[in-house]
Every structure is written in structure tokens, then in C-alpha cells.
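Asker: Quick one: this structure, given as C-alpha cells, is what I'll be asking you about.
2 protein chains.
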Amino acid sequence: MSDPSHATAPPTIVVVGGGFGGIEVVRRLLGAPVDVVLIDRQNHFLFQPLLYQVATAVLAPVEIAFPIRRLFRDARNVWVFQETVVKVDRVEQSIHLSSGRRARYDVLVLAAGASTSYYAHPEWARHAPGMKSIEDAIAIRSRVLRAFEDAEAETDPEAMRAHLTFVIVGGGPTGVELAGAIKELAVDAISRDFRRFDARTARVVLVQGADRLLPGMSEESSAAALESLRRIGVEVRLGAHVTEVFEGGVRIGEDRLLADTVVWAAGVAGHPLAGSLDAPLDPHGRVLVEPDCSVPGSPNVFVIGDMAAPRSDPDGRAVPGVAPAAIQMGRMVGEIIAAEAKARRDGRPRPPRPRFCYHDRGSMATIGRAKAVADLGGLRLRGLVAWLAWLFIHLLLLVGVRNRLFVLLSWGFAYFSFSKSSRTIYGNVPSRVRSSLGARPDEGLGTAADAAEALRSRL
Amino acid sequence: MSDPSHATAPPTIVVVGGGFGGIEVVRRLLGAPVDVVLIDRQNHFLFQPLLYQVATAVLAPVEIAFPIRRLFRDARNVWVFQETVVKVDRVEQSIHLSSGRRARYDVLVLAAGASTSYYAHPEWARHAPGMKSIEDAIAIRSRVLRAFEDAEAETDPEAMRAHLTFVIVGGGPTGVELAGAIKELAVDAISRDFRRFDARTARVVLVQGADRLLPGMSEESSAAALESLRRIGVEVRLGAHVTEVFEGGVRIGEDRLLADTVVWAAGVAGHPLAGSLDAPLDPHGRVLVEPDCSVPGSPNVFVIGDMAAPRSDPDGRAVPGVAPAAIQMGRMVGEIIAAEAKARRDGRPRPPRPRFCYHDRGSMATIGRAKAVADLGGLRLRGLVAWLAWLFIHLLLLVGVRNRLFVLLSWGFAYFSFSKSSRTIYGNVPSRVRSSLGARPDEGLGTAADAAEALRSRL
């Protein structure tokens with residue numbers, strides 16, 4: 001809004017990231033006297049809270065992804081581009097794209113989310129994938145399903161144990177939900193599909209550094225989640241730290257554990273774009289924004305959602321990296337931009353900006369079939385009631401009638417048939433079978449007769 | 460059945476490939492006095508006739524894929540393994556797996572399907588993917604959707620034209636259905652989602668070497684398909700040959716055409732496994748099997764489906780590479796194996812083997828919304844009636860109640876909302892945007908104001 005060459009044209013608002021925060025900003029700018037350019041490296045808005053259900057074969061990827069440009073197809077002042085932003089130049093007021101091109105902005109909103117932190121061990125990423133994108137979730141699903149396939153072709157007991165061991169690092173909502181869902185997949189959904197092992201014996205280990213699960217929730221809910229997970233057979237290790245991740249396993253403290261599948265649901269790191277801003281960052285790489293979510297010294301550059309660490313929370317608590325916080329920041333920033341654009345158009349003075357204040361409406365995590373915990377205001381729910389509340393709220397928040405219907409149907413099928421339907425393994429997921437079946441090692445897979453023999457001898 | 464060491468144990472039947480043919484063989488062996496080992500490199504049975512609907516965002520991948528081991532989970536004499544077979548050793552009676560292991564068989568059934576032939580130009584595969592697997596279909600979908608995204612960020616008219624040009628090579632059912640569906644995607648489903656171009660102008664070119672489309676169907680249906688495709692705006696080139704495929708386009712005869720998206724739906728080549736058999740092959744690389752579908756000289760090795768070229772069709776016509784032919788071969792071979800195993804168990808002499816005879820129950824192809832052609836016996840259907848018949852038959856043939864319901868719902872949504880729902884772009888599909896927007900080339904993407912300007916100047 002400061003570039004004089006655009007004094008007569010509507011200002012250009014560039015929003016980077018089409019997640020919860022970015023989408024909310026654009027929604028508040030519909031019909032405002034501004035041109036909005038929304039840039040995301042993906043073509044879809046991703047409903048991240050249900051990503052773990054894609055990773056565990058309950059939902060199909062498409063059910064939690066919605067084309068961004070479809071969202072805004074009737075908004076005549078919004079342009080959507082699929083591009084990757086690599087750098088922000090606050091002096092030139094432009095962003096640099098991976099294609100080598102640039103785009104100028106009058107106002108910039110950065111809402112590109114967070115990335116996964118492996119603390120000082122980026123090399124662990126190869127063996128312990130994080131779960132941020134739809135591709136991540138599909139890769140984890142393929143890895144999990146492939147591990148069961150490998151176990152079916154395995155005879156060496158130790159190797160089979162490794163196939164059937166799943167380690168989840170991190171006891172926040174993602175880790176808790178993923179651990180519960182993997183155990184449920186093994187126990188309910190696929191246990192009858194394998195001949196050579198009892199899938200119900202699959203070992204799911206949840207490693208949490210803190211002394212309780214779900215540190216963002218109440219002590220009561222933490223305890224309930226722990227109890228529920230243990231009851232369905234998840235091995236929860238509190239106050240435990242992963243000291244090494246290697247091909248085929250992890251070290252937890254001094255304890256070496258062989259596991260084909262390790263998923264990283266722990267540390268959160270700032271988005272690489274935050275670094276290019278040349279602004280102060282907190283220890284997690286988030287931008288230390290002003291109370292109005294703008295970057296110090298640049299009132300026309302805002303940072304919201306997981307990229308931002310607002311300093312102004314009145315009660316001094318950190319704003320958690322959750323969807324409602326991103327939506328609230330997006331709403332405030334969108335309203336600021338719309339109000340200032342209107343004031344400018346009408347020749348009125350710029351209105352004062354509000355300060356961001358996070359309203360915690362509660363949080364919840366699901367643990368498995370008809371089991372969940374929820375802190376809603378003063379209310380502590382658990383068990384079936386919490387689970388139904390969880391289902392209902394997530395259905396409401398989903399984008400698109402079709403997605404709501406299909407998710408509801410998928411859940412219905414999963415619930416009543418005890419099965420998971422999205423069990424397709426994509427891509428070339430390498431087998432990790434170590435041993436051969438039967439007496440003759442040169443007859444690897446063995447015949448069915450051998451298999452039957454081996455099975456009988458083990459029973 | 461010839462290995463004396465297994466004289467008392469049930470014989471081991473190894474079936475390679477869990478497609479239409481392989482699945483049918485196993486179905487006929489349920490409960491027979493045999494042990495069945497079913498090996499596929501994928502974990503799912505794929506309903507290939509609907510693959511083009513995944514490539515064009517109508518269906519989600521999971522809706523046409525079904526876990527193979529789930530199909531046979533109640534069959535106590537069937538073992539399922541996800542493995543890749545690289546070689547058959549008829550002397551040793553074993554198959555070699557990509558993991559380096561081997562598996563011995565008493566009876567072997569090869570049903571691994573066909574691969575794509577680029578005639579003498581394997582290097583074309585990189586620029587013009589074929590469509591055989593679920594991964595292929597997802598990659599084509601991503602490429603098609605990305606082309607529209609690229610067009611939105613493009614200003615150079617020629618480059619934009621290339622983004623919006625889709626070339627389909629091959630005028631069989633796959634090519635016809637794909638061409639119709641891509642045009643429909645552009646015209647109906649996404650035309651309102653883009654600002655800088657009219658998606659309805661997307662150019663879909665269908666290149667067919669023969670002088671008519673759908674050579675396997677009646678002349679009448681070929682003519683009807685041609686007319687329907689031309690009416691919805693597909694450019695059909697009959698008697699035309701692709702003479703070159705390069706990055707970003709093709710040459711058709713002497714005519715050079717720039718196109719971001721080229722899909723190969725033409726030649727069929729034999730499966731690599733057929734070569735390792737050391738058996739006679741036809742010019743398409745298919746095994747020239749005996750009338751009972753066994754390999755000459757090896758009555759205990761059968762080849763069925765797209766891998767086989769049975770020589771015995773009484774009317775002398777070639778058996779087409781379609782699902783019904785694979786199913787019919789699978790049924791016959793399964794029944795032969797079951798009958799011989801029972802005779803052996805009961806000490807009866809081996810019954811005589813039947814000769815394969817293909818029963819052509821008809822064929823059909825869909826062209827778009829409420830448009831299809833069908834030859835069913837003497838009946839020639841077209842238009843809405845053929846389309847409804849097509850929908851009904853494909854729904855019936857799908858595996859699983861859930862898949863049927865979800866496909867029906869997806870079709871219902873696509874029909875009544877004129878939209879396609881599976882529009883997620885997966886993986887890193889590179890942008891092919893060539894030019895920059897606006898007057899200043901260093902401001903590549905341009906601002907929305909620039910975009911609006913450019914749009915106005917073009918209208």
C-alpha cells in the first residue's frame with residue numbers, strides 16, 4: 001500500500017500458503033478493494049488433522065484434500081498459483097519463486113507452515129519420515145502395509161519381529177493418534193489377512209520425551225489417553241528419548257530396538273522461508289512477530305500460523321501450533337488488510353490495528369475405536385462421548401460436501417466392518433525380508449507346502 | 460505334480476499375477492486338494508478398465524484397487540505374497556524372485572499381463588507415459604492437472620497453447636475413453652476455476668494409426684465413437700502415425716505439435732517374463748500356448764491373459780487382450796488344475812483337457828457424459844443407453860461392496876455437479892511455465908493487477 005505507482009490500482013496482497021491460516025486470510029479479503037494472489041506449492045488445501053487416517057488406511061488421500069482454486073473460483077479478486085516461494089525481499093517488496101521468477105507485493109502474508117525438526121540429526125529423516133504432506137502420509141501408509149507383507153514372507157523370528165515393530169516418536173496429538181490407529185489396523189482390520197503370524201501381536205511403541213502424553217492438554221486427559229493406549233496394547237515410553245535412528249531401527253536411551261517402521265511425530269522446525277525474512281526468530285525457528293502479526297519494521301508483511309510466534313498472548317503462554325490458532329491469526333490479519341484497504345479507498349485515516357489474542361476453544365485427540373479425549377473449555381470428555389464429539393467437529397470442519405459425505409461413509413465402513421479400505425501400496429516400496437522360508441535357503445519364498453509346514457511347526 | 464517328494468503332500472500351484480486372469484485361477488482352486496501361492500508385485504487387484512477415470516480425476520485410486528490378500532483371507536489353501544518374479548526355470552520347476560530367492564512349483568500359471576510397446580523407441584516412454592498401473596494413472600493425472608496450473612501462470616500464447624494441448628496416442632478403448640474424459644474435464648469440471656484462459660479451448664488430439672477408432676468393435680460403433688468425440692471437440696486423426704516424441708511435444712507424420720501432455724495408449728508388448736520362458740512368442744511378445752493354454756513341452760506351465768496368444772480359436776481370430784478373455788482363460792486353467800488334482804488324489808486317471816475357445820460377449824467404450832458405444836452380441840447400443848449399460852456392467856464387475864458404493868457415489872457427484880473430485884496433484888510434478896507475466900520479465904508471476912491487465916488486454 002506504500003508503492004505510489006499503484007496509488008490508483010487496488011493494492012496487491014500476496015498470500016503464501018493455502019493452509020488453515022492462508023485460506024482464512026483470503027476469505028476475509030473476498031470483495032475487499034484488493035487484488036489477492038494466493039500461492040501454494042501444492043494445488044490442494046490439506047486437512048492436516050486427519051492426515052494420520054490416510055497414513056493408517058482409513059481415509060483415501062482425496063478425502064482430506066481440496067483443490068485450492070476450486071475454493072475461490074467465484075471470487076473475482078483472487079488469483080491462485082501453484083508455485084514454490086524460495087525467498088522474500090522486503091526491500092524490493094517482492095517474493096522469489098523457484099522457477100526463477102519474482103512477484104511484487106504491496107502487502108505480504110506468510111502462512112507456509114512448519115517443517116519437521118530432527119534436532120541436530122537431519123540424517124534421521126531418511127529412516128524416520130515425518131508426516132506433513134499428503135505424500136508423507138501415503139509413503140508412511142505404504143511402509144506400514146509393506147511391513148506386514150514382508151512379515152508374511154519371513155521365517156526368521158527376529159526379522160519378523162522387526163517387520164512387526166512400529167515406533168512412533170513424539171507423544172503429541174499426531175503421535176498418540178498414529179500409534180492408536182496403527183495398533184487398531186493390526187488388531188482389527190488386517191489380523192485375518194495373514195497366515196504366518198498373528199498381526200495382533202504387532203508391537204507399537206510410542207516414545208515421548210516429556211513425562212506425559214499430550215502436554216498441551218489437561219493432566220486428566222493425558223492420563224486417560226495413556227490408559228486407553230495401554231489398554232489397546234500400545235507400549236508407551238514416557239520420559240524416553242531417541243538417541244539414534246538407523247536403517248531398520250532406533251535406539252531409545254541405551255535400548256536398541258529393531259523396527260522396520262519408524263515415524264517422526266516429534267520436533268517442529270520453522271519454515272525455511274522464515275530465515276530469508278531477516279527477522280528475529282524464536283528457538284523453534286518461528287518469526288517473533290509484533291502483536292498485530294506483522295514483522296518488526298515491516299507493517300505490510302505479516303506472518304501467521306505455524307510460522308509465527310506472537311509475543312503478545314496476555315497470559316504469557318505460547319500459542320500452540322494448531323489449526324484454530326492459524327485460523328484466528330488469519331482472520332485477524334485478513335480483517336486488518338481489508339479495513340485498511342477500505343479506509344485508503346475512502347480517503348479515511350488508517351484504523352488502529354488489534355493485538356492478537358489466542359482463544360483456546362479446547363483440544364482433542366482420538367485414540368482408536370470409540371476412544372478419545374477432549375478438553376473443551378472446562379469440560380473433560382473421554383471415551384465414546386469424546387470420540388463422537390471428535391468425529392462431529394472434524395466432519396464439520398472438512399471442506400466440501402463431497403469430502404464430508406465420503407469421510408463419513410469411510411468412517412462408517414471402518415467402524416462397522418472393522419476394516420480399513422485404503423490399503424493400496426503405491427510406488428516401489430522395497431521389501432525388507434531378511435530370511436528365507438523352509439530348510440533350503442535357495443528356495444527363498446518356499447512353496448505353500450513349506451509355508452504350511454513352517455506354520456504348523458510354529459503353532 | 461511330477462515331483463515324487465511331494466507325492467503325499469498336495470501339489471503346489473504358483474500363480475504369478477493377481478489381475479483378472481490370476482484371480483480367476485485362484486478362485487477355481489478354492490477348496491481343491493492343492494496349495495496355492497499367489498504372487499503379485501503389487502498388493503492390490505486393479506480394476507484396469509476404470510484406470511482412465513483415475514487419470515482424469517473422476518475416481519480415487521483406492522476405488523479401483525482391492526487388497527489381493529483380503530480377497531482370499533478365508534481361503535485356507537491360498538498364500539499371497541507381494542514379490543516380483545524375474546525368471547522362470549522350467550527345468551528346476553522354480554521361479555526366481557527379485558529378492559534373490561526362489562520358489563518351487565508343481566504347476567505354474569503365468570498371468571502377469573502385458574507391458575507398453577513404444578515400437579523401436581523405448582526412449583519415448585519418458586515423455587509419453589503408458590497407463591498400466593495405479594502409479595501410471597496417478598502420474599498422468601498429476602501431469603494433466605499441472606498443465607492447467609502452468610497455463611494459468613503463462614502469458615506467451617504459444618507456450619500456453621502447449622500447456623493446453625493433450626495428445627493421446629492410440630485409438631483403442633483406452634485412448635478413446637481417455638481423450639473423451641480429458642476434454643470433459645476441461646469443458647465441464649474445471650473451466651470455471653481458471654482466470655487467464657478458457658479451459659474449454661483445451662485441445663485434445665487423438666492419434667490413431669488405423670483408419671478407424673476401436674478396431675475391435677463394429678464399424679457402426681467406430682463411426683458412432685468418432686462422431687461423439689468430434690462433437691465434444693476432440694480432434695481425431697485417423698491413419699496418422701507418431702513419428703517422434705520429444706520433451707514438450709510430438710511429431711505426427713510431418714506435423715510438429717507442441718504439447719505438455721502426451722499419453723501413450725497404443726502398442727502392447729509382451730511381459731518380460733515371457734522371454735525367460737524359452738517358449739515360442741508371437742510378434743507382440745505373447746507366448747504361443749497350446750490349446751489348453753499350457754506352454755509347449757511343459758503341460759504343468761500355463762500362460763493366460765495378456766501374456767498368452769492361444770492358437771486355437773476355432774474361427775481363426777486373435778483373442779483380444781481384454782479382461783473377459785483373461786477371465787475365461789483363468790477359469791479354464793483353474794478348472795483343469797482342480798480336476799487333475801482331484802483325479803490324482805482319488806487315484807483316477809487324468810481327465811482330458813479342454814481347448815480354449817474365446818466367447819466374445821461384446822465390448823464397449825465410454826466417450827463422455829452420457830455417451831458410449833457398445834456391441835453386445837448382435838446388439839449395437841450408443842448414446843445414453845450404451846452409457847447406462849456401461850456403468851451398470853462396470854459396477855457389477857467391481858470388487859467389494861465398499862468400492863461399488865464409492866464408485867457409484869463418485870459417478871453420481873461427477874454427473875450431477877459437473878465436477879471431478881480427485882484433483883490432488885501428488886509428488887513433485889515440475890512446472891513447465893516458459894514465459895513471464897506482465898511487461899517486466901524479472902517480475903515473473905506478476906501481481907494480480909498485472910494479471911488482470913493481461914487478461915483484459917487479451918479479451
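First to last, the sequence lines map onto chains U and E. The first sequence: position 75 = 75 (this note's numbering), numbered continuously. Just so we're on the same page, this note's numbering is the position in the second sequence counted from 1, plus 459. Ideal Cβ placement from N, Cα and C applies to all residues, glycine included.
(1) Is the stretch 679 to 694 of chain E close to the stretch 567 to 577 of chain E, with three or more CB pairs under 8 Å?
(2) What is the DSSP secondary structure of Ser-228/U, reduced to helix, strand or coil?
(3) Taking the alpha-carbon of Leu-740/E as reference, which of Asp-751/E, Val-762/E, Thr-720/E and Val-721/E has the nearest alpha-carbon?
(4) Using the rule of at least 16 other Cβ atoms within 10 Å of the residue's Cβ for burial, across every protein chain shown, is Asp-74/U buried or exposed?
(5) Any beta carbon from chain E within less than 8 Å of Leu-108/U's own beta carbon?
(6) Mapping DSSP to helix, strand and coil, what is Gln-208/U?
(7) Could you say which of Glu-522/E, Leu-843/E, Val-844/E and Ala-579/E lies nearest to Gln-507/E if we only look at CA atoms?
(8) Between the stretch 538 to 548 of chain E and the stretch 143 to 156 of chain U, do three or more beta carbon pairs fall short of 8 Å?
(9) Where DSSP assigns a beta bridge to Trp-264/U, which residues make up the other side?
(10) Closer than 8 Å, Cβ to Cβ, to anything on chain U: give me those residues from the stretch 688 to 711 of chain E, in chain order.
(11) Taking only three categories from DSSP, how would you classify Gly-897/E?
(12) Name the two residues that bound the continuous alpha helix (DSSP H) containing Lys-801/E.
(13) What's the C-alpha gap between Ala-189/U and Ser-419/U?
(14) Would you please verify whether the beta carbon of Ala-814/E is less than 8 Å from any beta carbon of chain U?
(15) Within 8 Å of any Cβ in chain E, is that where the Cβ of Ile-134/U sits?
(16) Specify, as a first and last residue, the run of the alpha helix (DSSP H) that Leu-396/U falls within.
(17) Who are the neighbours of Tyr-52/U on chain E, taking C-beta pairs under 8 Å?
(18) Could you tell me the distance, in whole angstroms, from the CA atom of Gly-233/U to the CA atom of Arg-814/E?
(19) Just by C-beta distance, which residues in the stretch 799 to 833 of chain E are closer than 8 Å to chain U?
(20) Could you spell out the range, first to last residue, of the beta strand (DSSP E) harbouring Trp-79/U?
(21) Note down, in chain order, each residue of its chain lying with its Cβ closer than 7 Å to the Cβ of Gly-480/E, except the 5 sequence neighbours on either side.
(22) Return the chain-ordered list of same chain residues with a C-beta closer than 7 Å to the C-beta of Tyr-885/E, the five sequence neighbours on each side being excluded.
(23) In the DSSP output, what is Arg-839/E paired with across the bridge?
(24) What does Gln-82/U touch in chain E if you count any residue whose Cβ is under 7 Å from its own?
(25) As a quick exercise: from Ala-32/U, Arg-27/U, Tyr-105/U and Arg-28/U, pick the residue whose alpha carbon is nearest that of Lys-342/U.
(26) DSSP beta-bridge partners for Ile-498/E?
(27) With three or more C-beta pairs closer than 8 Å as the rule, is the stretch 843 to 863 of chain E touching the stretch 499 to 506 of chain E?
(28) Using only CA atoms, which one of Val-16/U, Gly-100/U, Gly-209/U and Val-301/U lies nearest to Val-169/U?
(29) For Arg-651/E and chain U, any beta-carbon pair shorter than 8 Å?
(30) Of all the CB atoms in chain E, is at least one closer than 8 Å to the CB of Ser-222/U?
(31) Name the one or two DSSP bridge partners that Glu-694/E has.
(32) In whole angstroms, what is the alpha-carbon distance linking Ala-153/U and Gln-552/E?
(33) Taking the alpha helix (DSSP H) that Phe-148/U belongs to, which residues open and close that run?
(34) Check the DSSP bridge columns for Asp-714/E and list the partner residues they point to.
(35) Are any of the Cβ atoms in chain E nearer than 8 Å to that of Asn-300/U?
Answerer: So, from the data block:
(1) No, the stretch 679 to 694 of chain E is not in contact with the stretch 567 to 577 of chain E.
(2) DSSP places Ser-228/U in helix when its eight states are reduced to three.
(3) Comparing Cα positions, the closest option is Val-762/E.
(4) When all chains shown are included, Asp-74/U counts as exposed.
(5) Contact with chain E is absent for Leu-108/U, since none of that chain's Cβ atoms lies less than 8 Å from the residue's Cβ.
(6) It is coil, neither helix nor strand.
(7) Out of Glu-522/E, Leu-843/E, Val-844/E and Ala-579/E, Glu-522/E has the C-alpha closest to the C-alpha of Gln-507/E.
(8) Output reads yes: the stretch 143 to 156 of chain U touches the stretch 538 to 548 of chain E.
(9) Partner(s): Val-169/U.
(10) Against chain U - using a Cβ distance shorter than 8 Å - the stretch 688 to 711 of chain E contributes no residues.
(11) Because Gly-897/E carries a pLDDT of 36, less than 50, the predicted location of this residue cannot be relied on, and no value is offered for it.
(12) Residue range 782 to 804 is occupied by the alpha helix (DSSP H) that includes Lys-801/E.
(13) Looking at the two C-alpha atoms, the distance is approximately 4 Å.
(14) With the sequence shown as reference, residue 814/E is identified as Arg, and Ala is not the correct amino acid for it. So, not an interface residue.
(15) Closer than 8 Å to some Cβ of chain E, the Cβ of Ile-134/U qualifies, so yes.
(16) Segment 383 to 397, the alpha helix (DSSP H) holding Leu-396/U.
(17) Result: empty, since nearest Cβ-Cβ is about 17 Å, beyond 8 Å.
(18) When rounded, the separation of the alpha-carbon atoms in Gly-233/U and Arg-814/E is 55 Å.
(19) Listed by position along the chain: nothing, the set is empty.
(20) First-last of the beta strand (DSSP E) with Trp-79/U: 78 to 82.
(21) So the list reads Ala-570, Ile-763, Gly-764, Ala-785, Ile-786, Met-788 and Gly-789, once near-sequence residues are dropped.
(22) Excluding residues within five positions, the ones whose Cβ falls inside 7 Å are Ile-597 and Ser-601.
(23) Arg-839/E pairs with Asp-834/E.
(24) Neighbours of Gln-82/U on chain E, chain order: Glu-608.
(25) Cα-wise, what sits closest to Lys-342/U is Ala-32/U.
(26) Beta-bridge analysis with DSSP links Ile-498/E to Val-475/E and Phe-540/E.
(27) Yes, the stretch 499 to 506 of chain E is in contact with the stretch 843 to 863 of chain E.
(28) Sorting Val-16/U, Gly-100/U, Gly-209/U and Val-301/U by C-alpha distance to the C-alpha of Val-169/U places Gly-209/U at the top.
(29) So yes, Arg-651/E belongs to the interface.
(30) Taking a beta-carbon distance threshold of 8 Å, Ser-222/U does not count as an interface residue toward chain E.
(31) Beta-bridge pairing links Glu-694/E to Val-664/E.
(32) The alpha-carbon atoms of Ala-153/U and Gln-552/E are separated by roughly 20 Å.
(33) Counting along the chain, the alpha helix (DSSP H) containing Phe-148/U begins and ends at 134 to 152.
(34) Asp-714/E pairs with Ile-711/E.
(35) Taking Cβ atoms only, chain E never reaches closer than 8 Å to Asn-300/U, which makes this a no.
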